[in-house]
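K.L.:
Residue numbers for the sequence shown follow our numbering, beginning at 424 and rising by one. What follows is a single structure, and I will ask about it in a moment.
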Amino acid sequence: MTYPDRDPRPVDRPTEALRPVGPPVHHEEVVERGDSRVRTVRAVCAVIDVICWVFAIVLAVHIFLVIAGANPANGFAQVIESWSAGVSLGLRNLFTPANDGLRTLLNDGLAAILWLVIGALLTNLITRIALPAGERRAWYRRTVR
424 MTYPDRDPRP
434 VDRPTEALRP
444 VGPPVHHEEV
454 VERGDSRVRT
464 VRAVCAVIDV
474 ICWVFAIVLA
484 VHIFLVIAGA
494 NPANGFAQVI
504 ESWSAGVSLG
514 LRNLFTPAND
524 GLRTLLNDGL
534 AAILWLVIGA
544 LLTNLITRIA
554 LPAGERRAWY
564 RRTVR
């Protein structure tokens, strides 16, 4: 069997027979250092991201339940109400329109957006302080050889 992209001449070493002839080959590689500091910083940032997203999701579910008119005596609605009260960042009475759904949308919506911003700022600050410049964004690298 012959391969059109390989050199047909016989060679002494078997590894040279596998070397392709033609344009450069594009290789994709995942760059992952074994540095424990890098792994620790990435893990801390992932935990911060997850916590902030969970808080924002709880607030979004509370907004949905209030706008949809869920029964406030229901156990699930009570749990979400108490969790959202705990993570609302003190913004529960910032806006006071007469409509309960609009009030919840404005106050809890602002708190949810602030949780996402807080998470992004914290992870950015932690990576800038704790990681060297070359380790901040190079999780995937494409090279041409």
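Even for Gly, the Cβ is constructed at its ideal location relative to N, Cα and C. Remember, it's a predicted structure, so these values are computed and weren't measured experimentally.
1) Determine whether the beta carbon atoms of A534 and V464 lie at a separation below 7 Å.
2) Between V481 and W506, how many whole angstroms is the CB-CB distance? I'm expecting something under 8 Å.
3) For the segment 485-539, which segments carrying the alpha helix (DSSP H) assignment without a break, of at least 4 residues, lie completely within its bounds, in sequence order?
4) So, with DSSP's three-state summary, where would you put L554?
5) Helix, strand or coil, according to DSSP, for D458 in the structure here?
6) So I503 and V477 are in contact, right, with Cβ under 8 Å, and what is the actual spacing, rounded?
7) Can you tell me whether V473 is buried or exposed? The criterion is at least 16 other CB atoms within 10 Å of its CB, across all chains shown.
P.N.:
By the coordinates alone:
1) no
2) 5 Å
3) 498-509
4) coil
5) coil
6) Contact flag wrong, Cβ pair sits at about 12 Å.
7) exposed
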